[in-house]
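Written below as structure tokens is the structure these notes are about.
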């Protein structure tokens, strides 16, 4: 499967019977994600405490975490320790520091909330890559190039070169 051109059928096949933890303090975001991921078992949590209980009692194929409001970085650390591939959701107010901290802390992808309608595709790519030990960092960096340049500046690849090189290898 070419991760850059994953079809709807492939998305459904990869996501079938997967269990995903979604954490966000906004009920409408949780509802929207549940609709987008209708072919997946979604456990939704609106608080850090609820999310940690779910993480203690369940196994997850992936997690989608809000950076703000639910202690997202702490949840990211728990997911990293449990080897749960994690996508961090980012609001438009995301700062450069938030983005870099997410990636350095082990997030496999940061996803602006305006890209949320495509979350199922990103999740399928992440899971497929994890199973086949393929790299998706380059694909995601290319896909989100405009967002990166807007947030970090046109020369963002020159700054934090070690981080971007690491992502390209993932």
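In my numbering, the protein residues as written are 419 to 588. Positions of the beta carbon are idealized from the N, C-alpha and C atoms, including for glycine.
Go ahead and pull the three-state DSSP assignment for residue i.
i	result
residue 509	coil
residue 502	coil
residue 570	helix
residue 473	helix
residue 438	strand
residue 447	helix
residue 419	Confidence at residue 419 is low in this model, with a pLDDT of 41, below 50, so its placement is unreliable and the value that follows should be read with caution. In the structure shown, residue 419 sits in coil (DSSP, three-state: anything other than H, G, I, E or B).
residue 583	helix
residue 535	helix
Looking at the secondary structure, which residues open and close the alpha helix (DSSP H) in which residue i lies?
i	result
residue 426	426-433
residue 489	Looking at the DSSP string, residue 489 is not in any alpha helix (DSSP H), and its letter there is neither H nor E.
residue 516	514-522
For residue i, which residues of its own chain have a beta-carbon under 8 angstroms away from its beta-carbon, when the five flanking residues on both sides are left out?
i	result
residue 531	447, 507, 508, 509, 510
residue 540	505, 527, 529, 533, 558
residue 567	574
residue 491	485, 519, 520, 523
Cutting at 7 angstroms between CB atoms, please list the residues of its own chain near residue i, excluding the five before and the five after it.
i	result
residue 434	457
residue 573	none
residue 578	518
residue 472	439, 461, 463
Grab the span of the beta strand (DSSP E) containing residue i for me, first residue to last.
i	result
residue 529	527-530
residue 482	480-484
residue 458	That residue, residue 458, is in no beta strand (DSSP E); it is neither H nor E in DSSP.
For residue i, which residues from the same chain have a beta carbon less than 6 angstroms from its beta carbon, with the 5 sequence-adjacent residues on both sides left out?
i	result
residue 420	Low local confidence applies: a pLDDT of 44 at residue 420 is under 50, so the model's placement there is unreliable, and no value is given.
residue 502	478, 481
residue 469	441, 463, 493
With three or more C-beta pairs closer than 8 angstroms as the rule, is the region 448-467 touching the region 529-546?
yes
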